[in-house]
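Taking it in order: structure first as structure tokens, then the write-up.
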Amino acid sequence: MPHFTVVPVKDQAQSNYDSLEGINWVDHRDSAQPDHQDTVSSDGLGSHKEDSPFLNSADAASKKNDFFYDRNLALFEEELDIRPKVSSLLSRLVSYTNITQGAKEHEEAESAHSSRRKTPKSPNMGTLMGVYLPCLQNIFGVILFLRLTWIVGMAGIMQSLLIVLMCCSCTMLTAISMSAIATNGVVPAGGAYFMISRSLGPEFGGAVGLCFYLGTTFASAMYILGAVEIFLKYLVPQAAIFHSTGPPASDSAMLNNMRVYGSICLSLMAVVVFVGVKYVNKLASLFLACVIISIVSIYAGAIKSMTHPPEFPICMLGNRTLVRDRFDVCAKTVMKGNMTVSSQLWDRFCLPGNMSSPQCDEYFLQNNVTEIQAIPGLSSGIIRDNMWGDYQQKGEILEKAGLESSDAHGAMENFGMYVSADIATSFTLLVGIFFPSATGIMAGSNRSGDLRDAQKSIPVGTILAITTTSLVYISSVVLFGSCIEGVVLRDKFGDGVSKTLVVGTLSWPSPWVIVIGSFFSTVGAGLQSLTGAPRLLQAIAKDNIIPFLRVFGHGKSNGEPTWALLLTGLIAELGILIASLDMVAPILSMFFLMCYLFVNLACAVQTLLRTPNWRPRFKYYHWALSFLGMTMCVALMFISSWYYAIVAMFIAGMIYKYIEYQGAEKEWGDGIRGLSLSAARYALLRLEAGPPHTKNWRPQLLVLLKLDEDLHVKYPRMLTFASQLKAGKGLTIVGSVVHGNFLESYGEMQAAEQAIKNMMEIERVKGFCQVVVAAKVREGVVHLIQSCGLGGMKHNTVVMGWPYGWRQSEDPRAWKTFINTVRCTTAAQLALMVPKNVSFYPSNHERFTDGNIDVWWIVHDGGMLMLLPFLLKVWRKCKMRIFTVAQMDDNSIQMKKDLATFLYQLRIEAEVEVVEMHDSDISAYTYERTLMMEQRSQMLRQMRLSSAEREREAQLVKDRHSLVRMGSLYSDEEEEVIEIPPEKIQMTWTKEKCEAERRNRKNAPENFRELMSLKPDQSNVRRMHTAVKLNEVIVNRSHDARLVLLNMPGPPRNNEGDENYMEFLEVLTEGLERVLLVRGGGREVITIYS
149 MPHFTVVPVK DQAQSNYDSL EGINWVDHRD SAQPDHQDTV SSDGLGSHKE
199 DSPFLNSADA ASKKNDFFYD RNLALFEEEL DIRPKVSSLL SRLVSYTNIT
249 QGAKEHEEAE SAHSSRRKTP KSPNMGTLMG VYLPCLQNIF GVILFLRLTW
299 IVGMAGIMQS LLIVLMCCSC TMLTAISMSA IATNGVVPAG GAYFMISRSL
349 GPEFGGAVGL CFYLGTTFAS AMYILGAVEI FLKYLVPQAA IFHSTGPPAS
399 DSAMLNNMRV YGSICLSLMA VVVFVGVKYV NKLASLFLAC VIISIVSIYA
449 GAIKSMTHPP EFPICMLGNR TLVRDRFDVC AKTVMKGNMT VSSQLWDRFC
499 LPGNMSSPQC DEYFLQNNVT EIQAIPGLSS GIIRDNMWGD YQQKGEILEK
549 AGLESSDAHG AMENFGMYVS ADIATSFTLL VGIFFPSATG IMAGSNRSGD
599 LRDAQKSIPV GTILAITTTS LVYISSVVLF GSCIEGVVLR DKFGDGVSKT
649 LVVGTLSWPS PWVIVIGSFF STVGAGLQSL TGAPRLLQAI AKDNIIPFLR
699 VFGHGKSNGE PTWALLLTGL IAELGILIAS LDMVAPILSM FFLMCYLFVN
749 LACAVQTLLR TPNWRPRFKY YHWALSFLGM TMCVALMFIS SWYYAIVAMF
799 IAGMIYKYIE YQGAEKEWGD GIRGLSLSAA RYALLRLEAG PPHTKNWRPQ
849 LLVLLKLDED LHVKYPRMLT FASQLKAGKG LTIVGSVVHG NFLESYGEMQ
899 AAEQAIKNMM EIERVKGFCQ VVVAAKVREG VVHLIQSCGL GGMKHNTVVM
949 GWPYGWRQSE DPRAWKTFIN TVRCTTAAQL ALMVPKNVSF YPSNHERFTD
999 GNIDVWWIVH DGGMLMLLPF LLKVWRKCKM RIFTVAQMDD NSIQMKKDLA
1049 TFLYQLRIEA EVEVVEMHDS DISAYTYERT LMMEQRSQML RQMRLSSAER
1099 EREAQLVKDR HSLVRMGSLY SDEEEEVIEI PPEKIQMTWT KEKCEAERRN
1149 RKNAPENFRE LMSLKPDQSN VRRMHTAVKL NEVIVNRSHD ARLVLLNMPG
1199 PPRNNEGDEN YMEFLEVLTE GLERVLLVRG GGREVITIYS
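So, in structure tokens, the structure goes:
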């Protein structure tokens, strides 16, 4: 049985834990001595040394109070600075807290009278208080009390149940997805924004976060409008400032009253939120109690109506509903003593005069006045009349089917006496109005920092709250349709029941229970929205993914989001100015539906990707449910208002593209990145292992860069040229080689990679960077050519710079690396492009509007020469000319016709010219040029042989004192010559070395005489002759061309002629400003077929 020793550890105090993944301070000490430093010393190069190599040495025993490492972890003591002990890590995980921003800390900051903030208490809320009741408070709201009866009257019970079922099913599916995300790790403050941004990335997170913020802000406007409507319609109607002067102006007067009182109410609420959040949080329980009492009173009234329905008579003229507060008695005449006199109702419809010959409204005269009960009761059977809908147009008078009515035309001046529809209604409109009453399911996730066990409480509390509210809504629809008369249900403002809140007519013991309760609940919901929206905006601003919102991340000293509250108030004021609850509700429905849509998308993406980190504790989810939730969200958006849906999607799309354009520097391990990885894996597996078809060929570039000693790109125009080839939409890999050992040069490799990435960003090169460390640069280049790319996405073209100054260099390795790379690309069957004089190539900002691009097609190696001018966007406006060479036995006229036909079939517009090269004798210049080339080669060879011994001796000193440095791409590490003072070199002379030195000195004059009598090789003379003649023709025809593309001849098979090959290339391209040497990969890259 293993024995474990528990050693007490005294932790160093540290109060800042920025994140779980970013623990910067680690306690390695097992002793309680705070004054000692660690027992590891540094040698100045970053490596640590132990004070004693023996664990039980006498020196170590003398330091018995200096145990900074546990003896049981001696094997790991050198890594404890970067890999903490499990005990240290667990102590920090346990100490981690994610108190909800804007709740607990702000309350403590405001109540504290000293500058020292109190230590936040540990979260202790359970499912009931932390999730269930807050969700109930947020879900139940203004729509239940002010609009649900009207929705049932217009849509009927069946369609109302369908509306409730659609909305509640959407929120239930969203709650299931949210529960899966919320239980997949710790969810700090931020709620839906945090979940979506960390699941789908900063672009989606910012877009949906702002939509959620706008929805919450407009929700505050909706709640305020509901509170003002209750205040002006049912509590204090006398407080109205504007009064209607006639029936047509009645709507405008009410809207103006709503705007004035709504603005005042918004200002007061903003002041309350600014002064202190703690007052809002403490009043939340009171507001919730008002909601619960109001709902209970509805059920009590419905039960009581079975036996004793309340007395609320409705006055009907024919089958039309009359506005009850405009007259006293529901009759045409009344008895005063023994006399029958006209009633107030008669005076409203008739002119003063004799009742025997009255001048009255025609409809009034032909129809009787009757009274019916507004609340027939649960057992009355009224449910049959309210089962189906009765949608109405704006201004249509509310009529009760079944009552006798004469079809007479009434006067327009009496229109105000009837109860009429204030807006046109339809099923889609009612869906948009009702949906806000199903929102508020995020309240639990927003309080995750206060929960004792968030991963258990959030799913249970949220789903129970949605289940409860859904049952309440369904039962309320049935009760309203079973107890209340249809014309009363369609009476939005209770005009037919003396301006009484319709749902209040059913409540027990008094309508005032509902009126007062609904007023306080709407005020409380508005305060909650005004409190939550600024903090959500502050969380988005602090993430710094939207630069122009950065100012809203600041606030008061205690963290209160002052600027965010100001912006929230201004946006809410826009909703207040709309002044219609029925117009504002569909707007916030859009924003909430957008938010719920992306919550479902986040869950579906994470589930389908099966990422290792996706391990929710909530198990009752499935990707099909999430997709069904997404579908329902989209359907509800377009059902409720298709134009609002388009606007909401447009806003979210603009925010998404803005964040993407700004380049949010955030890596949150989001699902979209995982989706990209899965899609890339799928696409790579689908790609054929072999080369693509000729029609699909495009240049996949491997750009070999040279870096200087400071790890800066030496020739940035190489990247410029690569970016100008991106019209091919192909892959681009930028590679370089760091000379040295990988273990020692890893830092240099990272610095070189970062430098290349920065330059790629400047030159707008979309691609990848790969830097390798190699003992020899030549081998590193070969590694890049062999290993870059993945699967079917491998490079097919290598872009390499010209080795400038190779003639002046005594070291042959500079141009040998170049030639070796050419050979490697040929062996790998890759195309090769060598831009010579690349410094003269245009930048991305330059555009050539005239001039020619000359293509010298000497040999056919796949057609790449003709394809490249089409891909180079900078030269796109230049004319293309194709030159080909005809020998003596070729028919140049027929060649020109055939070439023109071939280009026509290739869909390439170009001028065609055939250049005839006649056989001619080799000129003296050619012979002399070849002789000078071979003499130079022979002289350098002899110099290298005579200095071989000295180099070998100096190599020992060089190896001893050499430091790792950055090697150039076209020279090996031996290119660097270390000058060593003569007195520092200890030469060891032997007898054989002395004799060899004497022989070299005696043979020097003979070697010189052999050099002078050297005759050039005939094959070299022929090659030089071809180079000279071609160069003469090219310079003659293309000296003013913007760019010259030329077939690059292959290197000699014999390595001894490498230096001559470089000379041939120099002669071939002399006198040309911009040359692109092109060597095909041995396969066709262009075709005449579609």
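Its first residue numbered 149, the sequence shown is counted upward by one per residue in the working numbering.
For glycine and all other residues, C-beta sits at the position ideal for the given N, C-alpha and C.
This structure is a prediction, so every number in the text was calculated from the model and none was measured.
Query                                                                                                                                                                                 : Result
Can you list the beta strand (DSSP E) stretches of 3 or more residues lying completely in the stretch 433-485, in chain order?                                                        : 461-465, 481-484
Could you compute how far the alpha carbon of residue 625 sits from the alpha carbon of residue 774?                                                                                  : 28 angstroms
Which class does residue 568 belong to by DSSP, given the choice of helix, strand or coil?                                                                                            : strand
Taking one C-beta from the stretch 652-667 and one from the stretch 354-370 each time, how about it: are there three or more such pairs within less than 8 angstroms?                 : no
Straight-line CA distance for residue 1011 to residue 822?                                                                                                                            : 39 angstroms
Rounding to the nearest angstrom, what Cα-Cα distance links residue 211 and residue 894 in this structure?                                                                            : Confidence is the limiting factor: at residue 211 the pLDDT is only 41, short of 50, which leaves the residue's position unreliable and the question unanswerable from this model.
Less than 8 angstroms separating the beta-carbons of residue 912 and residue 884?                                                                                                     : no
Consult DSSP for residue 552 and reduce its assignment to one of helix, strand or coil.                                                                                               : coil
Can you grab the Cα-Cα spacing for the pair residue 1175 / residue 996, in whole Å?                                                                                                   : 30 angstroms
Taking 6 angstroms as the limit between beta carbons, can you name the residues of its chain near residue 678, skipping five residues before and five after?                          : 368, 417, 421
Closer than 8 angstroms is the cut-off here; do at least three beta carbon pairs connect the stretch 423-442 with the stretch 629-646?                                                : no
Taking 8 angstroms as the threshold, find out whether the stretch 524-540 comes into contact with the stretch 461-474 through three or more Cβ pairs.                                 : no
What's the C-alpha gap between residue 1064 and residue 863?                                                                                                                          : 37 angstroms
When DSSP labels each residue in this structure, what does residue 520 get in the three-state scheme?                                                                                 : strand
Quick one, are the C-beta atoms of residue 1047 and residue 1033 less than 8 angstroms apart?                                                                                         : no
Are the stretch 762-781 and the stretch 288-300 touching, with three or more C-beta to C-beta distances below 8 angstroms?                                                            : no
Kindly indicate which three-state DSSP category residue 918 falls into: helix, strand or coil?                                                                                        : strand
Taking 8 angstroms as the cut-off, does the stretch 377-393 touch the stretch 346-356 (at least 3 CB pairs, one atom from each stretch)?                                              : no
Closest to residue 952 by CA distance: which of 1211, 731, 629, 543 is it?                                                                                                            : 1211
Terminal residues of the continuous beta strand (DSSP E) containing residue 605?                                                                                                      : No beta strand (DSSP E) contains residue 605, which is instead part of the alpha helix (DSSP H) from 602-631.
For residue 906, is the classification buried or exposed, using 16 other Cβ atoms within 10 angstroms of its Cβ as the cut-off for buried?                                            : exposed
Count the other CB atoms, across all protein chains shown, that sit within 10 Å of the CB of residue 1184; report buried if there are 16 or more and exposed otherwise.               : exposed
What residue range is occupied by the uninterrupted beta strand (DSSP E) comprising residue 1227?                                                                                     : 1223-1227
Determine the direct distance from the alpha carbon of residue 498 to that of residue 510, and round the result to whole angstroms.                                                   : 10 angstroms
Keeping to the same chain, check which residues put their C-beta closer than 6 angstroms to that of residue 1192; ignore five residues upstream and five downstream.                  : 1002, 1186, 1220, 1223
Enumerate in chain order the residues of its own chain whose CB-to-CB distance from residue 506 is below 6 angstroms, with the five nearest sequence positions on each side excluded. : 498
Please list the terminal residues of the continuous alpha helix (DSSP H) segment that includes residue 319.                                                                           : 296-330
Under the rule that 16 or more other beta-carbon atoms within 10 Å means buried, what is residue 755, buried or exposed?                                                              : buried
List the residues that DSSP assigns as beta-bridge partners of residue 1002.                                                                                                          : 1029, 1192
Hey, could you find the ends of the beta strand (DSSP E) residue 880 is sitting in?                                                                                                   : 880-887
Determine the closest residue to residue 371 out of 648, 321, 287, with distance taken between C-alpha atoms.                                                                         : 287
Which of helix, strand or coil does DSSP assign to residue 189?                                                                                                                       : Confidence is the limiting factor: at residue 189 the pLDDT is only 39, short of 50, which leaves the residue's position unreliable, though a coordinate-based value still follows. If DSSP states are grouped into helix, strand and coil, residue 189 belongs with the strands.
In whole angstroms, give me the CA-to-CA distance for residue 440 and residue 375.                                                                                                    : 17 angstroms
Assuming residue 905 is part of the alpha helix (DSSP H), what are its boundary residues?                                                                                             : 890-910
Using 8 angstroms as the Cβ pair cut-off and three pairs as the minimum, do the stretch 733-740 and the stretch 579-594 touch?                                                        : yes
Measuring only the C-alpha atoms, how far is residue 590 from residue 944?                                                                                                            : 52 angstroms
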